[in-house]
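Line by line, the protein sequences are chains A and B. For the first sequence, the numbering used here gives the first residue as 1, with consecutive numbering after it. For the second sequence, the numbering used here gives the first residue as 1, with consecutive numbering after it.
Number of protein chains: 2
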Amino acid sequence: MLSWIDGQPARDLPLADRGWRYGDGLFETVRVEQARLLCWTYHQRRLRLGCARLGLPAPPAELADWIGRAIDRTGPGMLRLAMTAGESGAGYRRPRPATPHWILQWQPIPPRPAGGEGIVLYPCRTRLPRDPALAGLKHANRLPQVLARAEWQDQAEEGLMCDTDGFLAAGTASNLFWRRGSCLYTPPLAQCGVWGTRRQLLLDEVGALGLTVCQQRARPSALADAEEVFICNARIGIRPVRRLGHRRWPVGPQSRRLQAWLVEAEQRTAWAA
Amino acid sequence: MLSWIDGQPARDLPLADRGWRYGDGLFETVRVEQARLLCWTYHQRRLRLGCARLGLPAPPAELADWIGRAIDRTGPGMLRLAMTAGESGAGYRRPRPATPHWILQWQPIPPRPAGGEGIVLYPCRTRLPRDPALAGLKHANRLPQVLARAEWQDQAEEGLMCDTDGFLAAGTASNLFWRRGSCLYTPPLAQCGVWGTRRQLLLDEVGALGLTVCQQRARPSALADAEEVFICNARIGIRPVRRLGHRRWPVGPQSRRLQAWLVEAEQRTAWAA
């Protein structure tokens, strides 16, 4: 893994940083292909929103340069773009103004295979707390997801989490969709979860594909009569779900169609460094 | 500030660490006086509980040595004893076994003044999410407290937080008590907040002082007919509250009495390095 802090190659973070002390920061996990940052429009929007909601400065003008130098001449990979609230003395109080650190970490991963088998979802017991102040943001307070991911080893590719009221919320690192007829359903994320870039792209664009999206508060039992189920995120794109506990679904036609659509949409919303 | 990682003087944390990426860790803030760690019995218990609940290894046998060397010949100060889940590749999944990093940070602060004026509490709008899986632990996911602390500057010494249902929870970095007659009231923390060491000491011992403690789910209006109000934590001990918004309280006799009791109780539960 290659790493940079504020544009300089780095391996370490100062111990005075608030990132490790309080999770006082944000991150984006961006898929990079041929020096293009897929879905950058959406990553950038969420990042700016996160900075504003956490009361931290917006990304600096130099960030584009730093990213460009980091991914120049790299192959396919994932770029983790993170910010912390920077350094401070003891206590929750931030300095005013805060001086964030911007951290880039790049690692190669293979391009996504076209199609791909359906995956298995593990039904996690760990639940997502409801917190409208932080809901949607990709902030660095991720213990619920870490605890959920520790519930299984290799028998599933992803885990499904409910919120603390028992309603469907999200995968540990992905968003959930299910389809009945021409309607895609996905949990509303006003109270918990991350507003995934691919989820938002679907919300914005599937109308043009003859589908509607309904953000529905639903129990896991709502998946019983789904015709197909899929998850999405920056790394895997759209992946059909073939099993959750005893429930099974076919790899459906809309999942395949949306996979193809996503390849084009990700490029259309990309940024070339 | 002096810092050590795993017993070695250090200024930085590896960027591969999960602490800054996910807040995957725990901490204790321990008051040190004359090379004694006040209330260590309680800090150690909470730390061990946190390790177990987060699925991380218990503190290593060497930790006592590392602490001893860190605070040897220091004056009065605060020792931040933190652990992170250690280093890993990308993603929420921890390595098995996880190899935590243990981080010590020491800084001098004056001893607590005896008595002290009553303080002002700021009524924070930011609320604590309800999450029984993490409630009580002093984990490193502290964005709600950070956002609450950013709501005021110098017009108050501490802020009061409710949970997302609007019930009294805690100070941003302290626990809350109020008294009517011979009963001390404090919010139950089964859903959010930190099980403070001084709070637990009070719960364990005030019976012997002729007081009872009731853990009561209460709205802020319950403070209206309190005869006295105080907060407590490792740094400030017990501090009377004289004002919250338009409400005022006297510095009460039980606050003064408990301050004196705490000095003894902290020493009795201390550990001499």
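C-beta atoms are modelled at their ideal positions from N, C-alpha and C, and glycine is treated no differently. All values reported here derive from a predicted model rather than from experimental measurement.
- Of the candidates Pro187/A, Arg18/A and Trp40/A, Arg18/A places its Cα closest to the Cα of Val146/B.
- Residue contact check for Met78/A against chain B: a CB pair falls below 8 angstroms.
- Contacts with chain B at 8 angstroms (Cβ-Cβ) include His139/A.
- Contact annotation: Leu26/A and Leu54/A have beta-carbon atoms nearer than 8 angstroms.
- Distances from the CA of Ile236/B to each of Glu33/B, Arg112/B, Val30/B and Ala133/B were compared; the closest alpha carbon is that of Arg112/B.
- When the Cα atoms are used, Gly115/B and Cys162/A turn out to be separated by approximately 48 angstroms.
- Under a criterion of Cβ atoms nearer than 7 angstroms, the residues of chain A adjacent to Gln107/B are, in order, Ala90.
- Taking 8 angstroms as the CB threshold, Leu38/B stays off the interface with chain A.
- In this structure, the CA atom of Leu134/B is about 17 angstroms from the CA atom of Gly171/B.
- Contact of Asp131/B with chain A is assigned, a C-beta pair being separated by under 8 angstroms.
- For the C-beta of Pro97/A, not a single chain B residue is nearer than 8 angstroms; the gap to the nearest is close to 12 angstroms.
- Per the C-alpha coordinates, the member of Thr74/A, Gly210/A, Ile238/A and Arg48/A positioned closest to Ala35/A is Thr74/A.
- At least one CB of chain A lies nearer than 8 angstroms to the CB of Tyr22/B.
- The beta carbon of Gly159/B lies closer than 7 angstroms to those of Leu121, Tyr122, Cys124, Ala148, Arg149, Glu151, Trp152, Gly171 and Thr172 in the same chain, with the five residues before and after it left out.
- Taking each of Tyr42/B, Glu62/B, Ala98/B and Leu49/B in turn and checking the Cα distance to Leu137/B, the smallest one comes out for Leu49/B.
- Taking Leu184/B as the centre and dropping the five residues before and after it, the same chain places the C-beta of Phe177, Trp178, Leu202, Val206, Leu211, Thr212, Val213, Cys214 and Gln254 closer than 8 angstroms to its C-beta, in chain order.
- Secondary structure at Ile71/A: helix, using DSSP grouped into helix, strand and coil.
- Each residue's CA atom was taken as its position, placing Thr41/A and Arg198/A some 11 angstroms apart.
- The beta carbons of Asn141/A and Gly23/A sit closer together than 8 angstroms.
- Between Val194/B and chain A, the shortest Cβ-Cβ separation is not below 8 angstroms.
- Separation of Ala222/A and Arg130/A (C-alpha to C-alpha, rounded to the nearest whole angstrom) is 20 angstroms.
- By the Cβ neighbour-count rule, Ser3/A is buried, with 16 or more other Cβ atoms within 10 Å of its own.
- In the structure shown, Asp154/A adopts coil according to DSSP, grouped into three states.
- Just measuring C-alpha positions, the residue of Ala226/A, Ala156/A, Ala224/A and Glu266/A sitting nearest Asp204/A is Glu266/A.
- Taking the Cβ atoms as the reference, Pro60/A lies roughly 12 angstroms from Leu47/A, outside the contact range of under 8 angstroms.
- Between Ala70/B and Leu104/B the beta-carbon gap is near 5 angstroms, inside 8 angstroms, which marks them as a contact.
- Rounded to whole angstroms, Leu262/B and Gln107/B show a C-alpha spacing of 22 angstroms.
- The beta carbon of Leu209/B sits closer than 7 angstroms to the beta carbons of Trp261 from its chain, once the five residues preceding and following it are set aside; these are given in chain order.
- Fully contained in the segment 217-271 of chain A are the following alpha helix (DSSP H) runs of length 4 or more, in chain order: 253-268.
- For Thr197/B, no chain A residue has a Cβ inside 8 angstroms of its Cβ, as the nearest lies near 17 angstroms away.
- Residue state for Leu26/B is assigned as strand, using DSSP reduced to three classes.
- In the DSSP secondary-structure assignment, Ser3/B is bridged to Gln105/B.
- DSSP places Tyr42/A inside the alpha helix (DSSP H), whose first and last residues are Trp40 to Arg53.
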